[in-house]
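Trainee: Have a look at this one before I ask anything.
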Amino acid sequence: MDHPIGKPVPRKEGRKKVTGQALYIDDLSYPDMLHAVTVRSPAARGKITNITFGGDIPWDEFTIVTAKDIPGANYVALILNDQPYLADGFVNHPEEPVVLLAHPDKYLLEEARRNVALEIEPQPPIFSLADSLAKKQIIWGEDNVFKKFLVDKGNVDDAWANADFIVEGEYETGAQEQLYIENNGAIAIANETDGVTVWGSMQCPYYVHKALVKLFGLPEEKIRIIQTETGGGFGGKEEYPSLIAGHAALLAWKSGKPVKMIYDRAEDMVATTKRHPSRTRHKSAVTREGKLLAMEIDFVIDGGAYCTLSPVVLSRGTIHAAGPYVCPNVRIHSRAVATNVPPHGAFRGFGAPQSIFALERHIDKVAQTVGLTPEEFRRRNFIHEGETTATSQIIRERIDMDHLLTRALELSDYHAKRERFARENNASNGRFSKKRGIGFASFMHGAGFTGSGEVYLQSVVSAEATADGKVRILAASTEIGQGTNTIFSQIASETLGLDFDSIEIVQPDTSHVPNSGPTVASRTSMVVGKLVESAVMGLKQTLAGSGLLPEKYSESEFKKACADYIAKFGSLKTSSTYQPPPNVHWDDEKYQGDAYGAYAWAIYVAEVSFDELTYEARVEDFVALQEVGRVLNPVLAAGQIEGGVAQAIGFTLFENVVWKDGRMANNQMTNYIIPTPADIPPIRVFFEENPYAYGPGGAKGIGELPMDGAAPAILNAIEHATGISFNQVPLMPETLIEAFV
Amino acid sequence: MQTFNFKVNGEERSVEGFGMARLLDVLREQLHLTGTKEGCGEGECGACTVIIDGQIVNSCLVPLGQVNGAEITTIEGVARNGELHAVQQAFIDHGGAQCGICTPGMVLAAVDLLKRNSEPNETEIRNGLAGNLCRCTGYMKIFESVVRAYQK
Numbered sequence: 000m001d002h003p004i005g006k007p008v009p010r011k012e013g014r015k016k017v018t019g020q021a022l023y024i025d026d027l028s029y030p031d032m033l034h035a036v037t038v039r040s041p042a043a044r045g046k047i048t049n050i051t052f053g054g055d056i057p058w059d060e061f062t063i064v065t066a067k068d069i070p071g072a073n074y075v076a077l078i079l080n081d082q083p084y085l086a087d088g089f090v091n092h093p094e095e096p097v098v099l100l101a102h103p104d105k106y107l108l109e110e111a112r113r114n115v116a117l118e119i120e121p122q123p124p125i126f127s128l129a130d131s132l133a134k135k136q137i138i139w140g141e142d143n144v145f146k147k148f149l150v151d152k153g154n155v156d157d158a159w160a161n162a163d164f165i166v167e168g169e170y171e172t173g174a175q176e177q178l179y180i181e182n183n184g185a186i187a188i189a190n191e192t193d194g195v196t197v198w199g200s201m202q203c204p205y206y207v208h209k210a211l212v213k214l215f216g217l218p219e220e221k222i223r224i225i226q227t228e229t230g231g232g233f234g235g236k237e238e239y240p241s242l243i244a245g246h247a248a249l250l251a252w253k254s255g256k257p258v259k260m261i262y263d264r265a266e267d268m269v270a271t272t273k274r275h276p277s278r279t280r281h282k283s284a285v286t287r288e289g290k291l292l293a294m295e296i297d298f299v300i301d302g303g304a305y306c307t308l309s310p311v312v313l314s315r316g317t318i319h320a321a322g323p324y325v326c327p328n329v330r331i332h333s334r335a336v337a338t339n340v341p342p343h344g345a346f347r348g349f350g351a352p353q354s355i356f357a358l359e360r361h362i363d364k365v366a367q368t369v370g371l372t373p374e375e376f377r378r379r380n381f382i383h384e385g386e387t388t389a390t391s392q393i394i395r396e397r398i399d400m401d402h403l404l405t406r407a408l409e410l411s412d413y414h415a416k417r418e419r420f421a422r423e424n425n426a427s428n429g430r431f432s433k434k435r436g437i438g439f440a441s442f443m444h445g446a447g448f449t450g451s452g453e454v455y456l457q458s459v460v461s462a463e464a465t466a467d468g469k470v471r472i473l474a475a476s477t478e479i480g481q482g483t484n485t486i487f488s489q490i491a492s493e494t495l496g497l498d499f500d501s502i503e504i505v506q507p508d509t510s511h512v513p514n515s516g517p518t519v520a521s522r523t524s525m526v527v528g529k530l531v532e533s534a535v536m537g538l539k540q541t542l543a544g545s546g547l548l549p550e551k552y553s554e555s556e557f558k559k560a561c562a563d564y565i566a567k568f569g570s571l572k573t574s575s576t577y578q579p580p581p582n583v584h585w586d587d588e589k590y591q592g593d594a595y596g597a598y599a600w601a602i603y604v605a606e607v608s609f610d611e612l613t614y615e616a617r618v619e620d621f622v623a624l625q626e627v628g629r630v631l632n633p634v635l636a637a638g639q640i641e642g643g644v645a646q647a648i649g650f651t652l653f654e655n656v657v658w659k660d661g662r663m664a665n666n667q668m669t670n671y672i673i674p675t676p677a678d679i680p681p682i683r684v685f686f687e688e689n690p691y692a693y694g695p696g697g698a699k700g701i702g703e704l705p706m707d708g709a710a711p712a713i714l715n716a717i718e719h720a721t722g723i724s725f726n727q728v729p730l731m732p733e734t735l736i737e738a739f740v
Numbered sequence: 000m001q002t003f004n005f006k007v008n009g010e011e012r013s014v015e016g017f018g019m020a021r022l023l024d025v026l027r028e029q030l031h032l033t034g035t036k037e038g039c040g041e042g043e044c045g046a047c048t049v050i051i052d053g054q055i056v057n058s059c060l061v062p063l064g065q066v067n068g069a070e071i072t073t074i075e076g077v078a079r080n081g082e083l084h085a086v087q088q089a090f091i092d093h094g095g096a097q098c099g100i101c102t103p104g105m106v107l108a109a110v111d112l113l114k115r116n117s118e119p120n121e122t123e124i125r126n127g128l129a130g131n132l133c134r135c136t137g138y139m140k141i142f143e144s145v146v147r148a149y150q151k
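These protein sequence lines are chains Z and L, in that order. Last residue of the first sequence: 740 (numbering that gives the first Met the number 0), numbering continuous. Last residue of the second sequence: 151 (numbering that gives the first Met the number 0), numbering continuous.
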């Protein structure tokens with residue numbers, strides 16, 4: 000295919016996936032392999048006083064690992080290194096790993112797990128962010144606070160006096176289970192001679208590598224991490240695989256045999272990371288003309304028992320908290336706090352869905368207070384090119400939120416429906432009926448790591464030509480369903496003018512591929528894709544520089560040039576290292592400056608029905624319009640948006656984590672409900688294309704954006720339908736009943 | 000332990016096992032047909048979908064003892080002699096698969112649906128696939144793939 004960028008090129012590994020030939024971690028096995036399970040804490044917080052191995056179990060056949068068997072450091076190396084691999088004397092959350100068991104018979108292993116008794120002398124736990132903030136117990140550090148940020152632009156304190164209206168509101172979001180359909184799993188082989196090799200379902204092989212270097216106290220080259228086909232990630236396989244990989248490796252190290260550890264659904268749901276619950280308080284100063292004068296935002300997320308990634312989740316949520324509006328005075332105070340629940344972690348959107356939910360519900364409230372429509376109020380406050388965000392970042396992109404809004408409202412037939420639904424809802428008063436409503440949200444999502452993050456990462460991609468003229472891309476960026484293999488192949492194929500099938504994506508394996516950074520933060524297409532582009536450009540330049548490749552060449556001339564070069568010099572490989580776009584400045588202390596190189600911008604419109612008899616709220620139609628730079632592959636891009644919106648609809652109306660003493664009580668797919676094919680409305684996806692100068696082929700990030708806007712759009716629509724303002728998600732029928740009865 | 004005989008993808012197979020063993024485990028571990036996936040182990044997600052005597056079922060809920068003499072189709076038996084079924088081709092061409100873990104079950108559900116109803120409308124497609132969950136696609140591209148498959 001000529002010029003594959005912008006075309007619906009079929010998924011590179013599609014054939015393997017539709018025929019059942021793709022091999023996921025649980026599809027692999029090794030001779031003499033042991034299976035493995037984790038014995039977890041039954042208590043939320045307390046001192047481990049005794050561990051007993053009882054029952055009629057042949058314990059001498061088992062490999063048993065506790066904290067004292069760890070050869071290196073007992074922490075998961077990430078940000079603060081406070082989370083142990085195995086609890087050593089003290090537990091801080093329910094389901095915390097304490098003992099690991101391995102045995103060839105996985106049925107006997109289950110029996111054995113039930114016969115390990117952990118005696119725990121309980122200490123008082125705290126389970127809510129309110130209790131954590133109130134310091135009902137100090138469970139972490141001096142004040143339960145993992146991290147706090149302060150963004151302070153202009154002078155908020157002086158603005159209140161000039162306000163015609165001051166509008167306050169409080170908004171909450173719940174935990175959300177990842178529910179990738181493939182559970183976490185790993186296989187390890189480990190011994191003193193060869194070191195440690197782990198295969199697993201994961202997003203970030205080098206995160207696992209970093210953690211295992213510390214866990215085993217081995218040199219970097221003795222740890223090898225290989226990503227296998229990964230059945231969904233969404234952030235849930237960003238940091239957690241470091242834990243399960245380490246556990247499998249510890250058992251392999253002690254037993255001398257290959258060890259496979261696969262979680263079943265119940266264990267994956269109860270023990271692994273979920274989206275951080277949040278509470279946001281807004282106070283806004285507004286003029287009679289509907290201009291924002293000041294925004295004061297207090298944003299708190301519940302990080303669970305250990306720090307893990309909470310500081311960076313908090314960072315993204317903080318920076319997105321004031322949205323795509325221009326306001327001269329903004330103060331955002333944010334905290335990530337500890338509770339005695341399993342650590343919350345990365346999940347698509349990474350803090351932004353939480354703070355954007357609050358903002359976009361609040362903006363509707365502010366508009367109503369001022370007496371403007373949600374549309375008109377936003378139009379009076381949208382940010383434009385040349386204006387500054389909450390972090391004083393000057394928007395240098397050509398962005399036209401007014402146009403996006405106009406187009407999205409047309410596509411959704413918003414005005415006619417807004418008027419008709421209001422009229423019909425009124426007319427039906429007194430009779431049970433279906434009320435209808437329509438609402439929207441406007442938002443943006445920054446792509447890539449925040450602030451100076453990409454500079455610190457120093458990501459590298461290599462490209463290698465083979466003697467038969469194929470080009471191999473070497474990167475640690477993983478295919479987790481989002482299309483990495485296809486997008487990288489499109490970029491390389493386009494840049495070199497080669498057939499799509501002449502590009503090979505090498506399996507991420509830390510012994511072969513350079514560290515192109517983690518597969519997170521909507522950075523794979525935009526940041527790593529750009530490195531793919533420049534790495535393969537290097538191949539072309541090397542061949543041209545050696546006089547083997549004319550300026551214009553055919554595929555066969557390229558192949559011959561590769562063959563000749565390799566015959567002469569042995570190999571042909573080039574690498575590219577991240578360079579930031581020009582004029583990007585970020586102040587990590589003041590939290591001011593260019594938070595992201597680029598933002599995607601969007602308007603999402605939701606149409607809902609509310610059944611007065613069953614209290615069911617349903618999304619009936621959904622329009623997602625976004626500007627994401629140039630679309631590299633329209634099928635994959637629309638698939639990202641549709642999938643993200645579906646997850647966000649689940650987050651809003653279906654997915655309720657029931658907590659009991661810090662433990663997820665509904666850790667089954669029978670009682671934690673995600674949307675099925677019968678539940679999802681038509682999701683209509685539209686793109687506005689505006690090429691970004693520093694993205695490959697003009698692309699910006701896309702993966703997380705669709706998680707941000709649906710929840711507030713749906714609740715804005717429900718307010719339109721019912722006249723009642725709901726300010727927390729998930730919004731379950733039980734809450735709706737309470738509001739009416 | 001007992002011996003059970005049945006056909007898988009047209010081939011006669013004989014398996015030693017306990018009657019209450021899950022068909023899912025027998026397929027994956029004894030017959031090495033790992034295309035059938037486990038998502039939840041309790042019949043909710045459909046990742047372990049297979050077709051037994053023309054009936055679509057969750058193989059995690061089927062005991063081995065129940066399939067003696069049966070004909071089973073797994074994802075490995077959908078393509079014939081390397082030629083993809085129209086549903087498989089449509090899933091590739093129209094974005095029906097992302098991470099791919101629900102795909103074997105989803106493809107079998109779609110094949111089964113089109114066998115019963117050669118031109119399903121949107122509601123029929125939604126209901127036909129309602130036993131199979133996907134966390135990546137939001138289902139739109141899966142519905143489109145089914146439509147494209149029967150239009151071929």
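All C-beta atoms, glycine included, are put in the ideal place defined by N, C-alpha and C. Only a predicted model underlies this, so the values are computations on that prediction, with no experimental measurement involved.
#1: Would you kindly work out how many angstroms separate the C-alpha atoms of ALA594/Z and LYS558/Z, rounded to a whole number?
#2: Check GLN87/L in the structure and name its three-state DSSP category.
#3: Rank GLY230/Z, VAL644/Z and GLU171/Z by C-alpha distance to the C-alpha of ILE701/Z and give the top, closest one.
#4: Can you find the residues in the same chain that come closer than 7 Å, C-beta to C-beta, to GLY642/Z, ignoring five residues on each side of it along the sequence?
#5: If we call anything under 7 Å between Cβ atoms a contact, is LEU22/Z one with GLU181/Z?
#6: Who are ARG395/Z's beta bridge partners in DSSP?
#7: Can you find a C-beta in chain Z that's less than 7 Å from the C-beta of CYS59/L?
#8: Mind listing the chain L neighbours of MET668/Z? Cutoff is C-beta to C-beta under 7 Å, in chain order.
#9: On the premise that GLU606/Z lies in contact with ALA716/Z, defined as a C-beta separation below 8 Å, what is that separation, rounded to the nearest angstrom?
#10: Start and end of the alpha helix (DSSP H) containing THR485/Z?
#11: How would you write the range of the alpha helix (DSSP H) that VAL311/Z sits in, first residue to last?
#12: Give, in chain order, every residue of the stretch 431-445 of chain Z whose Cβ lies closer than 7 Å to some Cβ of chain L.
#13: In the stretch 18-31 of chain Z, which residues sit with their C-beta less than 9 Å from some C-beta in chain L, listed in chain order?
#14: So, SER277/Z versus GLN353/Z, is the Cβ gap smaller than 7 Å?
#15: Look at the alpha carbon of GLY194/Z and the alpha carbon of ILE50/L, and state the distance between them as a whole number of angstroms.
#16: Return the first residue and the last residue of the alpha helix (DSSP H) that LYS529/Z is part of.
#17: For SER553/Z, name the three-state secondary structure that DSSP assigns.
#18: What's the call for MET525/Z, buried or exposed, on a 16-neighbour Cβ count within 10 Å?
#19: Would you list the one or two residues that DSSP bridges to ALA599/Z?
#20: Compare the C-alpha of PRO341/Z against each of HIS719/Z, HIS361/Z and HIS275/Z and name the closest.
#21: Alpha carbon to alpha carbon, what distance is there between THR573/Z and GLY230/Z?
#22: CB-CB under 7 Å to ALA76/Z, same chain, minus the five flanking residues each way: which ones, in chain order?
#23: Buried or exposed for GLN646/Z, please, with buried defined as at least 16 other CB atoms from any protein chain shown within 10 angstroms of its CB.
#24: I'd like to know whether the C-beta of GLY94/L is nearer than 7 Å to at least one C-beta of chain Z.
#25: To the nearest angstrom, how far is the alpha carbon of ASP399/Z from that of ALA597/Z?
#26: How many whole angstroms separate the CB atoms of ARG112/L and ILE124/L, which I take to be in contact at a CB cut-off of 8 Å?
#27: Can you tell me which of SER570/Z, PHE376/Z, ARG397/Z and SER131/Z puts its alpha carbon nearest to the alpha carbon of GLU626/Z?
#28: According to the neighbour-count rule (16 or more other Cβ atoms, all chains shown, within 10 Å of its Cβ), is VAL91/Z buried or exposed?
#29: Going by DSSP, what residue range makes up the beta strand (DSSP E) through SER13/L?
#30: Once the 5 residues before and after LEU149/Z are set aside, which same chain residues still bring their CB inside 6 Å of it?
#31: By the 10 Å Cβ neighbour count, where 16 or more other Cβ atoms means buried, how is GLN578/Z classified, buried or exposed?
#32: So is GLU123/L in contact with chain Z if we call contact Cβ pairs under 7 Å?
#33: Is GLY99/L near LYS11/Z, with beta carbons less than 7 Å apart?
#34: Excluding five sequence neighbours on each side, which residues of the same chain lie with their C-beta closer than 6 Å to the C-beta of ASP678/Z?
#35: Verify the CB distance criterion: does ARG347/Z have a CB-CB separation below 7 Å to chain L?
#36: Please report the straight-line C-alpha distance between ALA251/Z and ILE63/Z, rounded to a whole angstrom.
Mentor: Put simply:
#1: As a position in the first sequence, residue 594/Z is number 595, starting the count at 1. As a position in the first sequence, residue 558/Z is number 559, starting the count at 1. For ALA594/Z and LYS558/Z, the distance between alpha carbons rounds to 43 Å.
#2: Taking the second sequence and counting its residues from 1, one reaches residue 87/L at position 88. Looking at GLN87/L - three-state DSSP - the assignment turns out to be helix.
#3: By 1-based counting over the first sequence, the position of residue 701/Z is 702. The shortest C-alpha separation from ILE701/Z is found at VAL644/Z.
#4: Within the first sequence, the letter at position 643 stands for residue 642/Z. There are no such residues.
#5: The residue given as residue 22/Z occupies position 23 in the first sequence. The residue given as residue 181/Z occupies position 182 in the first sequence. No, Cβ-Cβ distance for LEU22/Z and GLU181/Z is not below 7 Å.
#6: For the purposes of this step, residue 395/Z is taken as the residue at position 396 of the first sequence. Answer is none; ARG395/Z lacks a bridge partner.
#7: By one-based count along the second sequence, residue 59/L stands at place 60. No, CYS59/L does not count as interfacial toward chain Z.
#8: Along the first sequence, read from residue 1 onward, the residue named residue 668/Z stands at position 669. Near MET668/Z (Cβ distances below 7 Å), the residues of chain L are CYS39, GLU41, GLU43 and CYS44.
#9: Sequence index remark: in the first sequence, residue 716/Z carries index 717 (1-based). Sequence index remark: in the first sequence, residue 606/Z carries index 607 (1-based). The Cβ separation is near 6 Å, so the contact holds.
#10: Against the first sequence, residue 485/Z aligns to sequence position 486. Segment 483-495, the alpha helix (DSSP H) holding THR485/Z.
#11: Translated into positions along the first sequence, residue 311/Z becomes position 312. Its alpha helix (DSSP H) spans residues 309-318.
#12: none
#13: THR18, GLY19, GLN20, ALA21, LEU22, TYR23, ASP25, ASP26, LEU27 and SER28
#14: The residue you call residue 277/Z lines up with position 278 of the first sequence. The residue you call residue 353/Z lines up with position 354 of the first sequence. Yes. Within cutoff.
#15: What you label residue 194/Z is simply residue 195 of the first sequence in a count that begins at 1. What you label residue 50/L is simply residue 51 of the second sequence in a count that begins at 1. So the alpha carbons of these two residues sit roughly 44 Å apart.
#16: To locate residue 529/Z, count along the first sequence from 1; it is residue 530. Looking at the DSSP string, the run of the alpha helix (DSSP H) that includes LYS529/Z is 528-544.
#17: Within the first sequence, numbered from 1, the residue matching residue 553/Z stands at position 554. SER553/Z falls in the coil class under three-state DSSP.
#18: Taking the first sequence and counting its residues from 1, one reaches residue 525/Z at position 526. It counts as buried.
#19: Numbered from 1 along the first sequence, position 600 holds the residue referred to as residue 599/Z. In the DSSP output, where bridge partners are listed per residue, ALA599/Z has HIS444/Z.
#20: Residue numbering aside, residue 341/Z sits at position 342 when the first sequence is read from its first letter. For PRO341/Z, the nearest C-alpha among the options comes from HIS275/Z.
#21: In the first sequence, residue 230/Z corresponds to position 231, counting from 1. In the first sequence, residue 573/Z corresponds to position 574, counting from 1. Cα to Cα, GLY230/Z sits roughly 31 Å from THR573/Z.
#22: Here residue 76/Z is taken as the residue at index 77 of the first sequence, counted from 1. Excluding positions up to five away in sequence, the list reads LYS209, ALA210 and LYS213.
#23: To locate residue 646/Z, count along the first sequence from 1; it is residue 647. The residue is buried, with at least 16 neighbouring Cβ atoms inside 10 Å.
#24: What you label residue 94/L is simply residue 95 of the second sequence in a count that begins at 1. Chain Z, which has a Cβ nearer than 7 Å to the Cβ of GLY94/L, makes this yes.
#25: Taking the first residue of the first sequence as 1, we reach residue 399/Z at position 400. Taking the first residue of the first sequence as 1, we reach residue 597/Z at position 598. Roughly 14 Å separates the two Cα atoms.
#26: Translated into the one-based positions of the second sequence, residue 112/L becomes position 113. Translated into the one-based positions of the second sequence, residue 124/L becomes position 125. One point to set straight first is that residue 112/L is Leu, not Arg, in the sequence displayed. Correct: roughly 7 Å between the Cβ atoms.
#27: Your numbering for residue 626/Z matches position 627 in the first sequence. Check the Cα spacing between GLU626/Z and each of SER570/Z, PHE376/Z, ARG397/Z and SER131/Z: the tightest is with ARG397/Z.
#28: Start at 1 with the first residue of the first sequence, and residue 91/Z comes out as number 92. The question names Val, but residue 91/Z is Asn in the sequence shown. ASN91/Z comes out buried.
#29: Within the second sequence, residue 13/L is the residue found at index 14, counting from 1. Note, SER13/L: beta strand (DSSP E), 10-16.
#30: Working through the first sequence from its first residue, we reach residue 149/Z at position 150. Answer for LEU149/Z: HIS332, listed in chain order.
#31: In the first sequence, the residue the question calls residue 578/Z occupies position 579. Burial call: exposed.
#32: For the purposes of this step, residue 123/L is identified with residue 124 of the second sequence, where counting begins at 1. Using a Cβ-Cβ cut-off of 7 Å, GLU123/L does not count as an interface residue toward chain Z, since no Cβ of chain Z sits closer than that to its own.
#33: Counting from 1 along the second sequence, the entry for residue 99/L is found at position 100. Counting from 1 along the first sequence, the entry for residue 11/Z is found at position 12. For GLY99/L and LYS11/Z, no; Cβs fall outside 7 Å.
#34: Within the first sequence, residue 678/Z is the residue found at index 679, counting from 1. Cβ neighbours of ASP678/Z beyond the five flanking positions: none.
#35: Numbered from its first residue, the first sequence carries residue 347/Z at position 348. For ARG347/Z, the answer is no, since every Cβ of chain L falls outside 7 Å of its Cβ.
#36: Taking the first sequence and counting its residues from 1, one reaches residue 251/Z at position 252. Taking the first sequence and counting its residues from 1, one reaches residue 63/Z at position 64. Whole-angstrom Cα-Cα distance: 11 Å.
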